[in-house]
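In UniProt numbering, the protein residues as written are 1 to 206. Ideal Cβ positions, reconstructed from N, Cα and C, are used throughout, including at glycine. Since the structure comes first, as structure tokens, the remarks are kept for the end.
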């Protein structure tokens, strides 16, 4: 099992290198097999398609981002309000830089988002749980009085969705995006301070 996982990770590393140079559309499974010094048939034992490889690359990227954001949640001696602001801004900066490294990543991200939406949803859920954790900290310190931190985290994520992998939604430069994101985040924080109960989850319609 360990050897199997090592080979999978070697395939992922080779795929990331080729995709960054040639893009998703111009990469074939046969070429990836050659890069890995294995037959195409052997490659299919580990990944059934190029899309499966792209899915795993995206999943690992989402996990790395969540792990880096967890460090923001764990920073000591920061008020929850400032922690939330830093978390959302740093998430945008991280994901912007991830795609900015190579334009081919934008192509692959768009394909994975369209063809395998559950992967993006898994990534969103990881980040959402961290936002909820920050909100719970704010409840504990008296900065917030939020009835349903999970629902509120979901709404914050929805309101700031443009700023997660922003190149998928906008052609703005990072400084312009930071200005927009800071304004949206300030509005959200003001709302949390003044009207936390308004963000309680609405009752299901009869």
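Hey, residue i and residue j are a contact pair by Cβ (cut 8 Å); roughly how many whole angstroms apart?
i           : j           : result
residue 108 : residue 54  : 5 Å
residue 46  : residue 95  : About 27 Å; that fails the 8 Å criterion.
residue 51  : residue 115 : 6 Å
residue 57  : residue 12  : 6 Å
residue 128 : residue 100 : Not quite, the Cβ-Cβ distance comes to about 24 Å (not below 8 Å), so this is no contact.
residue 130 : residue 181 : That pair is no contact at about 17 Å.
residue 143 : residue 81  : 5 Å
residue 122 : residue 59  : 7 Å
Measuring straight from C-alpha to C-alpha, what distance separates residue i and residue j?
i           : j           : result
residue 72  : residue 83  : 7 Å
residue 43  : residue 110 : 24 Å
residue 191 : residue 135 : 13 Å
residue 173 : residue 106 : 15 Å
residue 178 : residue 152 : 22 Å
residue 22  : residue 104 : 7 Å
residue 141 : residue 77  : 12 Å
residue 193 : residue 113 : 34 Å
residue 25  : residue 93  : 27 Å
residue 102 : residue 20  : 6 Å
residue 91  : residue 6   : 29 Å
residue 156 : residue 30  : 43 Å
residue 17  : residue 159 : 34 Å
Specify the secondary structure class of residue i as computed by DSSP and reduced to three states.
i           : result
residue 80  : helix
residue 95  : helix
residue 163 : helix
residue 183 : helix
residue 65  : helix
residue 152 : helix
residue 37  : coil
residue 49  : coil
residue 28  : coil
residue 116 : coil
residue 23  : coil
residue 123 : helix
residue 128 : helix
residue 171 : coil
residue 145 : coil
Taking 8 Å as the CB-CB limit, is residue i close to chain B?
i           : result
residue 150 : Absent from the structure is chain B; it holds one protein chain and no more.
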